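6 protein chains.
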Amino acid sequence: MTAELSGPVLCAPPALLWEPLLRRALREDLGRAGDRTSDAVLPAGAQAQGAIVARAAGTVAGLGISAAAFRVLDPSARVEFRRADGDRVAAGTTLALVRGEARALLSAERTCLNLLGRLCGIATATRALVDAIEGTGARIVCTRKTTPGLRLLEKYAVRCGGGENHRFGLDDAVLIKDNHVAFAGGVRPAVERARAHVGHMVKIELEVDSPAQLEEALDLGVDVILLDNMKPAGLREAVTLVAGRAVLEASGGITLASARAIAETGVDLLSVGWITHSAPALDVAFDLEPSR
Amino acid sequence: MTAELSGPVLCAPPALLWEPLLRRALREDLGRAGDRTSDAVLPAGAQAQGAIVARAAGTVAGLGISAAAFRVLDPSARVEFRRADGDRVAAGTTLALVRGEARALLSAERTCLNLLGRLCGIATATRALVDAIEGTGARIVCTRKTTPGLRLLEKYAVRCGGGENHRFGLDDAVLIKDNHVAFAGGVRPAVERARAHVGHMVKIELEVDSPAQLEEALDLGVDVILLDNMKPAGLREAVTLVAGRAVLEASGGITLASARAIAETGVDLLSVGWITHSAPALDVAFDLEPSR
Amino acid sequence: MTAELSGPVLCAPPALLWEPLLRRALREDLGRAGDRTSDAVLPAGAQAQGAIVARAAGTVAGLGISAAAFRVLDPSARVEFRRADGDRVAAGTTLALVRGEARALLSAERTCLNLLGRLCGIATATRALVDAIEGTGARIVCTRKTTPGLRLLEKYAVRCGGGENHRFGLDDAVLIKDNHVAFAGGVRPAVERARAHVGHMVKIELEVDSPAQLEEALDLGVDVILLDNMKPAGLREAVTLVAGRAVLEASGGITLASARAIAETGVDLLSVGWITHSAPALDVAFDLEPSR
Amino acid sequence: MTAELSGPVLCAPPALLWEPLLRRALREDLGRAGDRTSDAVLPAGAQAQGAIVARAAGTVAGLGISAAAFRVLDPSARVEFRRADGDRVAAGTTLALVRGEARALLSAERTCLNLLGRLCGIATATRALVDAIEGTGARIVCTRKTTPGLRLLEKYAVRCGGGENHRFGLDDAVLIKDNHVAFAGGVRPAVERARAHVGHMVKIELEVDSPAQLEEALDLGVDVILLDNMKPAGLREAVTLVAGRAVLEASGGITLASARAIAETGVDLLSVGWITHSAPALDVAFDLEPSR
Amino acid sequence: MTAELSGPVLCAPPALLWEPLLRRALREDLGRAGDRTSDAVLPAGAQAQGAIVARAAGTVAGLGISAAAFRVLDPSARVEFRRADGDRVAAGTTLALVRGEARALLSAERTCLNLLGRLCGIATATRALVDAIEGTGARIVCTRKTTPGLRLLEKYAVRCGGGENHRFGLDDAVLIKDNHVAFAGGVRPAVERARAHVGHMVKIELEVDSPAQLEEALDLGVDVILLDNMKPAGLREAVTLVAGRAVLEASGGITLASARAIAETGVDLLSVGWITHSAPALDVAFDLEPSR
Amino acid sequence: MTAELSGPVLCAPPALLWEPLLRRALREDLGRAGDRTSDAVLPAGAQAQGAIVARAAGTVAGLGISAAAFRVLDPSARVEFRRADGDRVAAGTTLALVRGEARALLSAERTCLNLLGRLCGIATATRALVDAIEGTGARIVCTRKTTPGLRLLEKYAVRCGGGENHRFGLDDAVLIKDNHVAFAGGVRPAVERARAHVGHMVKIELEVDSPAQLEEALDLGVDVILLDNMKPAGLREAVTLVAGRAVLEASGGITLASARAIAETGVDLLSVGWITHSAPALDVAFDLEPSR
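Following this line, the structure appears as structure tokens:
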């Protein structure tokens, strides 16, 4: 039952959505002439096996997607998974074993690791934040501050780390910020125009700057209220004022050090940009040995 | 003259090479339905102007490329540059001003900033390393540990930070590592097969693990020798032994703290992966105001 | 003010999102060898002008998008719009005038009209339904039953006809149908798993088959309740029972004849598939004459 | 023998030509985040089977192509066909059975049905017309009035319905219309220039407006003569005049009601636009049940 | 009038059809890192002008298309044409002048020349054959033996050389060869099945091997008869036998030396594969000089 | 051992790099409607086998790549190779046998042969040059004068013929020509700027026009010196002068007749453009027979 429930959290996106990206990444590394070193130096037809290893402790994300790089270059390569997305692993853990043509393994290695290191880095950073606020009832959500071209996978990595996803883009929910309010001439016209136009299946979030705006937001019945760059004291007041009538999201410079205090104010969500735009890559390696 | 010489260093890649990436990034954010918030809330035809601002000190990279995002959505938008790629800027510096349709500016903002923040982050990290080894004669080079799909731009960002580029991919130079040597049955057959097959326009680099291999490498006349994870003492010995007969590249866990000591051993190059795979994004913002 | 508010409703999607489709459509008609008839028969350089005309009464949709076909083949072509998306027009109304190279106009004509006829057909059908339920407070929404490759534009055409959009795809909202309920083992686990996993920015709709399920849905606090293939009497009961605690959507075989009775039951939404999958194209033509 | 002869009529286009379209259609529905409902609600790894069913009577077209959607998302899915393209089926007929991962089946369902419903709708409309003129010796042909992006498949659907294809695009035959004649300065120069330039493998069709033009067309030896918007009496005169010296094609507002009278005039072809641009989709469904 | 008539012969295909190819070719040469030599060595912003020159005598083809390469890299570059497609030029003739950024001109030069040299080579070879049979009434046509990816442009180059085009692909006409006849069980069933299935706008050509098959072909009323690898005497007999009842096409090993004798047999067409698959490139160069 | 060493020379590029090209080529031939002749005439499901045969003597190149065309249209087709890339074959040699659906084999035949004939033509021309200079110690290298879109495969064909590759594009090595020198204001600034900017993994070649420039080049330590259009006497002088201090490359109008004399001057490399831009295609055919 737990397995079933945790399953969907980490349901990896279908290959149809990420294969083009993986092929582009491999072509980016192979260039026009391919892997000249391996092509020249390795005996034709040589087979090999290798281990994908985490050299540092962290949380796994995108393992199956990254390992698919080997199979693009050698469709008969076989991957045996030892860990799964979402797992926490110690330094030195073997994540998967790969068997196939030596040339293909060496040629795809860097592309696999570049993708895996980044996704595990995001999951690891997310997990640290999630752990930091454990028990508070608040949740960590990511933002649209992702790497161009990788949003789908980075959002998935956040889920692998125990976080949740905010909007995937500009089209799947409304988020009215200060600029929109300024153009619309006020919070009320902004929200009313949004509600009139976006349809019944789209949630509306509003960024508020003051208690007055917060009251107005509640009055207008927005689904989510964004409290940007507010101190814990202010957040606590907002929580009291809202009293469950809307989802409350805190954002702005949230760090591993400050997260718990913010979560303990009672807000529902902490949205954090740096887990996708600035998390260091996890150190992952591919240890190859010739097949016997 | 300096201008002339510095010009080429930062010669940005032609739009033909990065426009598809920029369009993909914009489509990734716009999704199917576009920017629902701006479309619903902003008055049709409203014009605006905004400033791209660095909120933290750093080195600029990819400014023109990132700002092109606005012109994809509004071809009549105008960008006025206040700083150029390669410039060091203080926190609060305005990098560029943009004027155009308010909807287009708001819709393209995040894509522009996501790209710019990442590229400036890489340049800033590179610049810190370059500064750290100033005067030693050594240079900082990047690796193939880049973000899938962004290699071209990340390599350019390294140049903006004063660093140099190693291989762009598996096809533009030979780099013989331990795995290749193992498959070939030794350093000599590996180098000889590479030389026999890759043509006269391709340089050959060899990773060596021991003084014996270093001697063999010199004997074989390879262009560049890679010394991976070697302590300063070992590097110094290698420098003495090589005595200018090959380019020497040190790699492996080089940090801002350790870089100078390594550079002072006399090696020619320090190759550093984290400037592309783990540099935090520079904090950049887009401050919008309605046009008068 | 009205203009401002109606503006956003019909805010056409940015060209970035539909230009590839338009180019594919033109290539589909030009094939490998281009417009052999015009190339052979027309004098080189001949200019012409033509009028895009509605031959039947209807509602305009996609006029600017369709007319862009002429400019793909002749970037110096000029289009002068006489009507705008959303306008109701009588038979014989000139929608736009086009001036440019005669060859380009003739070569792009069919692609322009094929797209325009379909989109106006959808808008016209939608408008008829919207008119039919005028004053009831209910709204017409479309479904995912769209033409492969044209969803973005067909959803826009629905808005041009005064309708609203339901989900743009499987990813921008949750809609739990009977199959999902069966797999999850009940309405409650289905809704709970959805809520646990999709994040705070995504609405949840549930299809219910019985008053018991309806009670359960209200209890679970879903955002929207879908009542499929229910008679007006049943719908009326549901409206009474729900009493504003959720949005109510009626669907299933809704026709121009039956729409008003359904709308008068008090449901919020009537979702209709045939306006996108089976609306007949509006008869539009391009009347050309050589330039003087 | 009959089987052999009917086989080629319905020879489906190779997957190379329609797979990109199918993938685009699936991506259009999956968006960035995939099928959130099924991913969240369905147990990981659950298998299912479903039946593709025609809910209304009609003619089958594109069954194999549409069902391939399931295999894009689950390459191990199996499809068992119960009916074939070109078959006439009663309401309630099972067309195919599909077995595979439950998530993949639910995620691909709508894309499969959207394509199948449209193609069967075209085949069904075509078949009705073909039946209406049975025994007259005339044939039904389609036009270039097809849905942008779907021409290949819609032309195939016409063949499934017993119709024939006119030009696939502007490049595979010459069709000289009134506009071309006006630019060329007469029927004769138009035909002569076409004949001089398009090569020996391309047929030439000419639209004629009057008996005088018809005589000229015969004189010029065009392959096909188009009689647009002509009454049966006029068509009969033309048939008599032409006496088999050219293929005669009637077009313009041909309906199910008027087709037989037109066909009985003795013309060879009735070209009909609405079978591709305005045929209602056939009602098809996918009835799923969990695998035992 | 002559100008008008010759115009259409050389009507160049629309940019929509060849721009993707040109961009791919430029990317193929620029690789990932661009033109490293020009980027490093040339002063930023330097302007230049250059002349596209034919170093050998020949016939021009694809001049505007090839020169567009410069404008892809520098949209403000200006091209001034001195000669047009179809022109015969002496060695040393300047075909066009180009002005723009020096870097862009040097970076695009090779792509422009590679395309231009090949297309002019085809036009020059075609023109030689056309001249060789001048006055016989026969015409030169090309085949499907073209370079993968370049068919559109190579067919156009044939027209520039005064030749005509055979089929553009497998879909725009029927050509029944010996293999098809063998599978169908004879000439008659092959032709009848083709006629029954391909529609009224598609011509049918049949390859015949013997006088008996030729009689059968005439009997079946095929549009074109292909006589492959037949000696002049045999061709002459066929011409006599056919007496204008079908178009006669001779093929098989036709050289510049043998063409006239074949053309004088009275056949209508000589189809020649080597003008597209083996014509040597015309020697074209780009002579650059810094702008004053 | 020899096998091992020759293996890498002909290591074919990975399918990831050429499959898109092959698919484009097949689509170019199939057009919109596919192979109308085979579709209409061949019995559904008929199987066949055929032999790929060299009708003239030559060197094989791209056999596996070209034969993959059959498997794109019929994934269950089987290819049995009788010869390998790099083999010299006599006229009449069977290169491979193919078994599969008759329609697929006939539809893919021309695309396979167009690619194979071109690549074998290049390998055959290269091999003739390589043979002509056998024993001199010099090597044949190709240039960037390749067919747009085919560079990867044409460079591979050169290797199949025993030649070597020069640059794959503008980005993988520096080649400073007269124009660059003119812009930089001399040989020295040109080389120094290149060296300062392109990094340590990129070789630098310099074109020299005079003995003075040659001395300067040696002084500057460039890796390769290009001697363009120089007579054997001049080349011999240069060889003496250089005395092994740089690689010497001769270019300019090198023919089969002149190659040996040039090679005997002692230069290291002869670079030849016509082997890629003007080599005639090798005559290859596909002999089909129905399967028993």
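Protein chains in written order, with the numbering used here: chain V, 883 to 1174; chain Z, 883 to 1174; chain S, 883 to 1174; chain Y, 883 to 1174; chain R, 883 to 1174; chain F, 883 to 1174.
Yeah, the Cβ is synthetic: ideal placement off N, Cα and C, and Gly gets one too.
Since this is a predicted model, take the numbers as computed values, not measurements.
With contacts defined as CB atoms closer than 7 angstroms, R/K1027 and R/T1158 qualify as a contacting pair. In this structure, DSSP gives R/D1169 an extended state, which the three-state scheme calls strand. Selection S/K1113, S/K1059, S/G982 and S/L1035 evaluated against S/I947 yields S/L1035 as nearest (Cα-Cα). Annotation: the continuous beta strand (DSSP E) that includes S/L1088 extends over I1086 to V1090. Setting aside the 5 residues that flank it on each side, V/F1050 is surrounded in the same chain by R1033 and K1037, each with a C-beta closer than 7 angstroms to its C-beta; the list follows chain order. Boundaries for R/F963: no alpha helix (DSSP H) harbours it, while the beta strand (DSSP E) harbouring it runs R960 to F963, taken from the DSSP string. Within the region 1056 to 1085 of chain V, contact with chain Z at the beta-carbon level (separation under 7 angstroms) is assigned to V1056, L1057, I1058, N1061, H1062, A1064, F1065, A1066, A1072, R1075, A1076, H1079, V1080 and V1084. Of the other Cβ atoms in all chains shown, fewer than 16 fall within 10 Å of the Cβ of V/P957; this residue is therefore exposed. If you check the CB distance, R/F963 and R/A939 do not come in under 7 angstroms. Each residue's CA atom was taken as its position, placing V/T1018 and F/R909 some 59 angstroms apart. A Cβ-Cβ separation of about 5 angstroms places Z/V1149 in contact with Z/A1132 under the 8 angstroms criterion. The criterion of a C-beta distance shorter than 7 angstroms is not satisfied by Y/A1145 and Y/A1010. Counting only runs of 3 or more residues that sit fully inside the region 916 to 992 of chain R, the beta strand (DSSP E) segments are 929 to 936, 960 to 963 and 975 to 983, in chain order. The C-beta distance from F/T1147 to F/L1117 rounds to 4 angstroms, short enough to meet the 8 angstroms contact threshold.
If you draw a straight line from the Cα of S/A933 to the Cα of S/V1166, it comes to about 10 angstroms. Under a criterion of Cβ atoms nearer than 9 angstroms, the residues of chain Z adjacent to V/K1027 are, in order, R992, L995, N996, G999 and A1163. Contact between R/I1022 and R/R1142 is absent: CB atoms are separated by about 12 angstroms, not below the 8 angstroms threshold.
Taking a beta-carbon distance threshold of 7 angstroms, S/R960 does not count as an interface residue toward chain R.
For the pair of segments examined, the region 1080 to 1098 of chain V was found to touch the region 1043 to 1059 of chain S: the number of CB pairs separated by less than 8 angstroms reaches three. With contacts defined as CB atoms closer than 7 angstroms, Y/A1076 and S/V1129 fail to qualify as a contacting pair.
Per DSSP, the unbroken alpha helix (DSSP H) holding S/A1094 starts and ends at P1093 to L1102.
CA-CA distance, R/D917 to S/D967, rounds to 47 angstroms. Cβ-Cβ distances below 8 angstroms link R/L912 to S989 in the same chain, with the five nearest sequence neighbours on each side left out; the list follows chain order.
Residue pairing by DSSP puts V/V1023 in a beta bridge opposite V/E1046 and V/S1153. Looking at the backbone, the Cα of F/L1052 and that of V/P1030 are separated by about 27 angstroms. Check the Cα spacing between S/N996 and each of Y/P1071, Y/N996, Y/G1155 and Y/E1089: the tightest is with Y/G1155. With respect to the 7 angstroms criterion, V/A1163 and V/G1003 are classified as neighbours on the basis of their beta carbons. Per the DSSP secondary-structure output, Y/E1131 pairs in a beta bridge with Y/L1108 and Y/L1151.
Here Z/T919 is not near Z/A1005, since their CB atoms are 7 angstroms or more apart.
When only Cα atoms are considered, F/A1078 and F/G1068 end up about 16 angstroms apart.
Residues of the region 1036 to 1051 of chain V that bring their beta carbon within less than 8 angstroms of a beta carbon in chain Z comprise F1050 and G1051, in sequence order. Rounded to the nearest whole angstrom, the CA to CA distance from Z/V954 to R/T993 is 26 angstroms.
A distance below 7 angstroms separates the beta carbons of Y/A943 and Y/L1001. Look at V/I1136 here: in three-state DSSP terms it is coil, with no helix or strand label. Per DSSP, the continuous alpha helix (DSSP H) segment holding S/L903 begins and ends at A897 to L912.
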